[in-house]
């Protein structure tokens, strides 16, 4: 459902005894219709890998001998689809510790946030409004590349995230099919 409001006077013209022409000027703040949100997570390459500390405490060999643990491996990232007939714009919330920032990439576009992200204050990238927020603070000025991510109609969306320095974290992605 799309919410509209009256934007002027209603005009009518009689076209004889059996018909009339009516004009009702309406305006919609957001003329798009949205499907249910699709949510998934993405991780930087190498997340969950590396030597686990404390050493020799997390895994044991079949005979009970302690062994080194190299982590579980990178979780599989997700993807979304825009089944609509209009361009969709994702909202991406970056969480964790990213001391130098991150780069988001999808469909040939790249967005780079070159500032620290702290575990206590996630960064919300809203590609529809073209804004970056931490809490209530606008941090859009921290972007060094601003190719806002978008998903064409009837296409898939599989973004990637790259840390600008060794980091630990992930991103929650939300996208909805968009119709006009």
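Residue numbers (the working numbering): 65 to 244.
All C-beta atoms, glycine included, are put in the ideal place defined by N, C-alpha and C.
Coil, strand or helix - residue i by DSSP
i, result
"residue 205", "helix"
"residue 67", "coil"
"residue 127", "coil"
"residue 167", "strand"
"residue 93", "coil"
"residue 151", "coil"
"residue 73", "coil"
"residue 288", "No answer is possible for residue 288: it lies beyond the span of the chain, which begins at 65 and ends at 244."
"residue 239", "strand"
Residue span of the beta strand (DSSP E) that contains residue i, given as start and end
i, result
"residue 222", "Looking at the DSSP string, residue 222 is not in any beta strand (DSSP E), and its letter there is neither H nor E."
"residue 160", "155-161"
"residue 146", "144-146"
"residue 198", "195-198"
"residue 86", "84-87"
"residue 107", "Segment: none, residue 107 is in no beta strand (DSSP E) and carries neither H nor E."
Residue(s) in a DSSP beta bridge with residue i
i, result
"residue 175", "168 and 210"
"residue 190", "155 and 195"
Alpha-carbon spacing of residue i relative to residue j, whole angstroms
i, j, result
"residue 173", "residue 213", "6 angstroms"
"residue 200", "residue 125", "50 angstroms"
"residue 165", "residue 68", "40 angstroms"
"residue 226", "residue 178", "12 angstroms"
"residue 180", "residue 158", "11 angstroms"
"residue 104", "residue 235", "8 angstroms"
"residue 149", "residue 107", "29 angstroms"
"residue 230", "residue 92", "45 angstroms"
"residue 183", "residue 76", "60 angstroms"
"residue 129", "residue 167", "42 angstroms"
"residue 197", "residue 240", "20 angstroms"
- Query: Three or more C-beta pairs closer than 8 angstroms, one from the stretch 221-229 and one from the stretch 146-161: is that the case here?
  - Reply: yes
- Please confirm if the stretch 197-213 is in contact with the stretch 78-98, defined as three or more CB-CB distances below 8 angstroms between the two stretches. no
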